[in-house]
Amino acid sequence: MKLALIASAVMFFASPAMAQVAVATVEYPGLQPAGGSEGARTSPSPGTEQALRHQIASLEAGQADYSAMGALTAAGLRYQNGKLQPQIRQWGALVSLKFVSASGVADVYEATFVHARVRWTIKLGSLGKITSIGYKPLS
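Sequential numbering of the sequence shown, starting at 0, is according to numbering that gives the first Met the number 0.
If you want it as C-alpha cells, here you go:
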C-alpha cells in the first residue's frame, strides 16, 4: 500500500468587502479520519465542536493553539496569524456556535460573534489533531 502525503496550507485574505477564507489542510490518504467513513452524516464528528471552540477562544486571546494541530496545519495558520488577528478582533466575542452539516469528513459550523457570522469548517485526524480548519465570513 502506497502511503502518500498531500499537504497544503493556503490562506486567502481579500479586502473587507470581499468574502474571506482561511484554510490549512493536511490529508493522509489511507488513514481513517476521526468520525468514521465519508458517508452522509447529520451530526458532528466527536471532538470537532470542542476543538473549534478551543481554537476560537485561543484566537480571541491572541494566538491559535498550534499544539492541537498537525504540523503542516499549524505552519499554515502560524504564517497567517498576523493577518488573521485584526479580523478576529473585529468580529468581537463568540456568542454561539452551531453544527450546520458535514462536508465529506469535515464538519461545518456557524459561529455568531458580536459583529459577524462566520462559517467554520474543521476536520480532525485519526490522532485527534486538527488536520483542516478554515472559515468564511457570512456577514
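Beta carbons: idealized from backbone N, C-alpha and C, even for Gly.
Remember, it's a predicted structure, so these values are computed and weren't measured experimentally.
Reference residue i; option with closest CA among the options
i           : options           : result
residue 81  : 124, 63, 100, 118 : 63
residue 94  : 125, 70, 43, 52   : 52
residue 69  : 103, 43, 122      : 122
residue 49  : 40, 67, 41        : 67
residue 138 : 112, 41, 98       : 112
residue 114 : 91, 40, 46        : 91
residue 135 : 73, 78, 116       : 116
residue 133 : 127, 125, 55, 42  : 55
Helix, strand or coil at residue i [DSSP, three-state]
i           : result
residue 66  : helix
residue 57  : helix
residue 128 : coil
residue 41  : coil
residue 103 : coil
residue 92  : coil
residue 133 : strand
residue 36  : For residue 36, the predicted structure reports a pLDDT of 49, less than 50, and the residue's modelled location is therefore unreliable. The matter cannot be settled from this model.
residue 16  : With a pLDDT of only 35 at residue 16, under 50, the local geometry of the prediction cannot be trusted, and no value is derived from it.
Residue i: first and last residue of the uninterrupted beta strand (DSSP E) it sits in
i           : result
residue 116 : 116 to 123
Distance cut-off 8 Å: residue i Cβ against heavy atoms of the ligand NAP
i           : result
residue 100 : In the structure shown, the ligand NAP is absent, as is every other ligand, since no ligand is present at all.
Cβ of residue i within 9 Å of any chain D Cβ
i           : result
residue 108 : In the displayed structure, chain D is absent; only one protein chain is listed.
**Item:** Stretch pair the stretch 80 to 88 + the stretch 97 to 108: three plus CB contacts closer than 8 Å
**Value:** Judged by pairs of C-beta atoms under 8 Å, the stretch 80 to 88 does not touch the stretch 97 to 108, as fewer than three such pairs exist.
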